[in-house]
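Protein chains in written order, with my numbering: chain A, 1 to 271; chain B, 1001 to 1672.
Beta carbons: idealized from backbone N, C-alpha and C, even for Gly.
Scroll down for the structure; my scribbles are underneath it.
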Amino acid sequence: MTLPEYPPLAKASEGEPFYVPCGNEVAMFERCHARGLAVMLKGPTGCGKTRFVEHMAWKLDRPLITVACHDDLSASDLIGRFLIRHDGTVWQDGPLTRAVREGAICYLDEVVEARQDTVVVLHALTDHRRLLPIDKTGELLMAAPGFQLVISYNPGYQRMLKDLKPSTRQRFVAMDLDFPGEDAEAKIVERESGVDAPTSRALVTLARRLRALRDRGLAEVPSTRLLIAAGALCVDGIPVREACLAAIVSPLSDDEALVGAMRDLVDGTFI
Amino acid sequence: MAEAEEVLTDAARHATVFAQRLWRRYSPAPDAPASLSLSEVAERLELLLSAVFGNSYRLRIAQPPARPTLLGNWFGRTPRPQRLAAVPATDGTSIWLPRSLDIPDRALAANLYRVMALQQAMRIRRGSALSLWRSLPPLAGALYHLLEVQAAERELLEEMPGFAESVRALRACAHARRPPLSAFGSARRPLEARVRALLIGEADCVPQSPTPEASCELAVRLLAEWGLEPASGGRIGQEPLFADWWTGMLLAPSPHHQHSAGAQSPFDPTQAAPQSVRLERRPDIRQARPDEDESEESGPLMIQLDEPHPHAEDPMGLQRPIDRDDADAELFGEMLGDLPQARLVASPGRPKEVLLADDPPDASANALAPGVSALQRGIAYPEWDYRTQHYREQNALVQVRTAPPGNPAWVAETLESHQGLLEGIRRRFELLRTHRAWLRGQVDGDELDLDAYVDAVANLRAGSGLTDRLYRTQRCAERNLAILLLIDVSGSTDSWISQGRRVIDVEREALLLVSIALQSLGAPYAIQAFSGQGREAVVLRDIKTFEEAYGQEVALRIASLEPEHYTRCGAAIRHASANLMCQPAARRLLLVLSDGKPSDNDDYEGRYGVEDTRQAVLEAVLQGISPFCLTIDRQASAYLPRIFGATRYALLPRPELLPTVLLDWMRRLVQG
């Protein structure tokens, strides 16, 4: 058995990923990183969880490995597996193992989607041991300094069907992220999409109103990401009402009355 | 014998009604079917309002005003012109909109509805209807009203600038529909001129007032400044402002009704079913003056023969006993519709006539009586009222009880008699059980598939190429299903089917077999039995919870099932759905076993019950539950498709076959 050589992980992207803090999350994350504590980010879709992790990886100067979890994600998808070559087998590290070896930040996005037996492999990594046992190779991997585990999930989404085990939950420091405040969100939309300030402000006002429909049949409320998409369409010359209908209203619902009400809101918000 | 006076009033009444019917027959037809009605846009409007204002307001149908009476016209109690159409209004909590706008252009009508609703909601937010403007003199009150309308509109446009065009359209429509200036008496003309100027946007001189209180002061000041006060002798009436779609109306806040304790009287089957008739318009509810009921001067015509029925009274203190046996309901409906206001009086006894209105008065009886003791209180669920298209919050109380153990002999006997069937059931359902299985020869997988690898190497040596299907992976073909059986044990299950067996006997037998079958399936399941009497006592018995395993105790509880009260399905389905949602499963199956239509001893009978049950099923579907109904009611095809949808129910032609059919369906549903 041989271990293949990997090219070193690239550091987080060039330039600072744009992030506007809404509370003490940056300081908190820095402290957790220094202490080697695992972090759990909770928040609605598109509120900036992934961007926050990218920003922190840049700030802490660590490589970032992102794994999008799905319901077929098995433990070997995270840890690694033997691959067969013409002349024998070779062990291939999974993303988690790589992060542990190289001291990267490993970000498991939407972790509730993963099978529960998969999440259990994280347990030894998230307590004082900071160990990753790889039973197939018999290796006991000690986490390199700088390794940090970050998971995220959306508490509102399929809450009843899937949830983290309580024993998993309490291994993490939880941070609640939510949509940014009105001013911050307007600033973010303006900066990310390049739209002018009044339009970005109006987009945010529209989003506030649409978010009030959360309990009226709207399963997911419009995220900051949707606003940025709408803004970007405006910048490219599409009239703002049409951009909103295409980027915000239509993706959110198929229900006739809801779409109708949302159209009315768009009509009322923009001149 | 009838008094002479009574005969006279009766004759006069019939004459009036006849004349009015004649008059109406030659009046133009009401509305063309094409025009947009409020019910078509109500849901959309409600969503819009709750998004803009963060509050949900109840949308109600505005009533047209009472037709002016001949006498009223002659003696000129209210100066002309009088409003004939329904206008939007608010009382500070609800919003009234006209039933239809009678505009052929549906897009324009939708646009107008939208602006009217937003304007009324903005007036609610400002608190326009709640301030003390009623203490102002009528003209100042009219000015206050205009100031508030103007201020609310400005606030609306500041927030939603995109509606400026729609507001202009509404103003133009309102302006075009006002009666000509010449129709107004000289006293009302200056005010009317001001209103028109406002409507076409020429009166910029109206200052913006920040609060309704400021509007009150401003109105008094403007009244003097503009010199609107009529010369002595000019009649302006109580409502000098001619209300239209733009101005709308500010109604008095709805008072709290007093719940009459013990108003529910025992059901008396000897009484004839009440006559019902649809009201053209419902009179406004008038509050009793404080001294009214005590006053001795309530008129010589006040006759109280026996126990009072709920009846409507006219506002002038002439408490006419018109709710009488011989008066036909239609006549009564018309007379009531002509009254501008009526008091709502609740009294015990069964009504003789039921009057249906588009906008039923706030029913205080719908709220739970405060007297219900804490012990009796159960889990409250809302009920859907199709007439108002709204939920009645906390309308039904579900009381969860456990079932007492029944007769062990019955269990032993039933199991004995179905011994042969049982083995087969167990085997068939065990086959449906799911296991974790290794899938071999996969392109990608958790582990190497050694067998495949050996084969591949051998093939390679023999000269063929190396296949890439060398891994094995563990797949859990899990069903991930939770099942809840909801059994109807209402009184109707007491009926006999054959061989001296009742519906309930067959149900019990089927339940026992199905629980054994489900136990071998290995999926979590629960059994609940329900019946109810009145909305405060929907009894739900837990026969088996999700947590416990099938055993003798469960069998004994099944044995104890006996017919109870009525079938108040909605609350039971809601409770079962809530239980089912607590189960961590990807698929959830709610199987309702029923023997008849939703019913109860109150208004749950008939369409109300069907619609509420339908709504409960819809809620379950929205939560991701798959509901299914098995029924032995032969008439079920009349209402079950409405409740469960065309594909979610099955009819059992021969109830005695229930055990086998239920098992069969269970298998189909589980596999599906």
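Per the DSSP secondary-structure output, Ile-1487/B pairs in a beta bridge with Ala-1529/B and Leu-1593/B. Rounded to whole angstroms, Ala-104/A and Val-1617/B show a C-alpha spacing of 50 angstroms.
If you check the CB distance, Tyr-1057/B and Ile-1095/B come in under 8 angstroms. The beta-carbon distance between Leu-1589/B and Ile-1483/B, rounded to whole angstroms, is 5 angstroms. This is short enough to meet the 8 angstroms contact definition. According to the DSSP assignment, Phe-1628/B belongs to the beta strand (DSSP E) that extends over 1625-1631.
Using a Cβ-Cβ cut-off of 8 angstroms, Tyr-1604/B does not count as an interface residue toward chain A, since no Cβ of chain A sits closer than that to its own. In terms of CA proximity to Val-1592/B, Leu-1651/B leads the group Arg-1535/B, Leu-1651/B and Glu-1536/B. In this structure, the CA atom of Asp-1542/B is about 18 angstroms from the CA atom of Tyr-1566/B. Shortest Cα-Cα distance from Ala-34/A to any of Trp-91/A, Val-112/A, Pro-145/A and Phe-82/A involves Pro-145/A. The region 1551-1568 of chain B makes contact with the region 1521-1534 of chain B, as at least three CB pairs between them are under 8 angstroms. Here Leu-1470/B is not near Ile-79/A, since their CB atoms are 8 angstroms or more apart.
The residue from Phe-147/A, Thr-168/A and Cys-106/A with its alpha-carbon nearest to that of His-123/A is Thr-168/A. Interface annotation for the region 199-217 of chain A against chain B: Arg-209, Leu-210, Ala-212, Leu-213 and Arg-216, criterion Cβ-Cβ distance under 7 angstroms.
In this structure, the CA atom of Met-1666/B is about 45 angstroms from the CA atom of Leu-149/A. Going by C-alpha positions, Val-1539/B is about 22 angstroms away from Phe-1644/B.
For Met-1160/B, the nearest beta carbon of chain A is closer than 8 angstroms to its own beta carbon.
Three or more Cβ pairs closer than 8 angstroms define a contact, and the region 1176-1189 of chain B falls short of that threshold against the region 1124-1134 of chain B. Non-local C-beta neighbours of Phe-82/A in its own chain, meaning closer than 6 angstroms and more than five positions away in sequence, comprise Thr-89 and Trp-91, ordered along the chain. Interface criterion met: the Cβ of Leu-258/A is under 8 angstroms from a Cβ in chain B. In terms of beta-carbon proximity, Ala-99/A stays away from the interface with chain B, with every pair separated by 8 angstroms or more. For the region 166-249 of chain A, the full-length alpha helix (DSSP H) segments reaching 4 residues or more read 166-169, 182-193, 197-211, 224-235 and 240-244 along the chain. Cβ neighbours of Pro-1405/B within its own chain (closer than 8 angstroms, five residues either side excluded): Glu-1553, Leu-1556, Arg-1557, Ala-1559 and Ser-1560. Put simply, the CB of Leu-265/A is near chain B, with a gap under 8 angstroms to one of its CB atoms. Inter-residue distance for Asp-1244/B and Arg-1607/B is about 36 angstroms (C-alpha atoms, whole angstroms). Buried is the label assigned to Thr-1247/B, since at least 16 other Cβ atoms lie within 10 Å of its Cβ. Boundaries of the beta strand (DSSP E) around Asp-109/A: 105-109.
Within chain A, no residue has its beta carbon less than 7 angstroms from that of Arg-1013/B; the closest one is some 45 angstroms off. Secondary structure at Lys-42/A: strand, using DSSP grouped into helix, strand and coil. Along the region 63-93 of chain A, going in chain order, the ones with a CB nearer than 8 angstroms to a CB of chain B are Ser-74, Ala-75, Ser-76, Arg-81, Phe-82, Ile-84, His-86 and Thr-89. Per DSSP, reduced to three states, the secondary structure at Asn-1480/B is coil, with no helix or strand assignment. Cβ-Cβ distances below 6 angstroms link Ala-1151/B to Gln-1208 and Ser-1209 in the same chain, with the five nearest sequence neighbours on each side left out; the list follows chain order.
Here Leu-64/A has Ala-12, Val-53, Glu-54, Ala-57, Ala-104, Ile-105 and Tyr-107 as same chain residues with Cβ atoms under 7 angstroms from its own Cβ, once five neighbours each way along the sequence are excluded. Residues of chain A with a Cβ closer than 7 angstroms to the Cβ of Arg-1114/B are, in chain order, Asp-264. Annotated as proximal: Phe-179/A and Cys-47/A, with beta-carbon spacing under 8 angstroms.
A Cβ-Cβ separation of about 5 angstroms places Thr-1613/B in contact with Pro-1598/B under the 8 angstroms criterion. Scanning its chain for C-beta atoms nearer than 7 angstroms, with the 5 sequence neighbours on each side dropped, one finds around Glu-1213/B the residues Ser-1131, in chain order.
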